[in-house]
Amino acid sequence: MKKCLVISLMVISLILLSPTNLKAENDEFILPDAFLTTLSPHIDNAVVEHYGGLTQYALYDIEIISIQRMQVGRSFSFTVAIKIFPFEKAHNYIGEDTLTLEIVPSGINVTSYKHQKYK
C-alpha cells in the first residue's frame with residue numbers, strides 16, 4: 150500500500166513539476182497589423198474614389214510614414230500618413246500613393262490622397 154502511494158505521489162510530482170515550453174508570443178507586427186486592418190476599409194474607399202474602382206494593394210506593403218497627435222497633451226485625435234503601393238494583376242505596381250487620414254473618436258476620414266507614378 151505504501152509503495153502504491155509513494156509511486157503515485159512521484160508520478161503526480163513529475164507531471165506537475167515538469168518544465169513546460171510556454172513561450173510568450175513576441176509578434177512585433179501585431180499592433181501595426183491590427184492598426185492597418187482597422188484602417189483598410191477607409192483606404193479601400195479612398196482607392197475606389199481615386200481610381201474609379203477597387204485597385205489592389207497589399208496590407209503588408211503599407212508603410213506608416215507618421216502618426217501625430219492633433220492636439221497637445223493626451224488627446225485621441227490623430228493625423229496618420231501612410232504610403233500604399235497599388236498594383237494590377239500579378240503585382241505590376243502602378244505607382245506610390247500617399248494618404249493622410251484623420252482619426253478622431255467619431256470616425257476616420259481620408260483628408261489627402263496623392264498619387265505618384267513609377268518612373
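All residue numbers for the sequence shown refer to this note's numbering, where the first residue is 150 and numbers rise by one. Even glycine gets a Cβ: it sits at the ideal position worked out from N, Cα and C.
Roughly how many angstroms lie between the CA atoms of residue i and residue j, to the nearest whole one?
i	j	result
Val-259	Gly-201	16 Å
Ser-255	Ile-161	56 Å
Glu-177	Met-159	41 Å
Ser-182	Leu-188	The residue you asked about is not Ser; residue 182 is Asp in the sequence shown. Roughly 10 Å between the two C-alpha positions.
Phe-184	Leu-166	40 Å
Ile-214	Ala-230	5 Å
Leu-208	Ser-157	54 Å
Looking only at its chain, what residues have a beta carbon closer than 8 Å to the beta carbon of residue i, apart from the 5 residues adjacent to it on each side?
i	result
Gln-220	Ser-226
Leu-203	Asp-193, Val-196, Val-197
His-191	Leu-250, Ile-257, Asn-258, Val-259
Go through its chain and collect everything with a Cβ distance to residue i's Cβ below 6 Å, but skip five positions before and after it.
i	result
Ser-261	Thr-249
Ile-233	Tyr-206, Ile-211, Asp-246
Look up residue i in the DSSP assignment and say whether it is helix, strand or coil.
i	result
Tyr-262	strand
Lys-238	coil
Glu-212	strand
Glu-177	coil
Val-221	coil
Thr-228	strand
Leu-250	strand
Report the residue from the options whose alpha carbon sits nearest the alpha carbon of residue i.
i	options	result
Ile-243	Ile-213, Thr-228, His-199, Ser-215	His-199
Val-253	Arg-218, Ser-157, Lys-151, Asn-175	Arg-218
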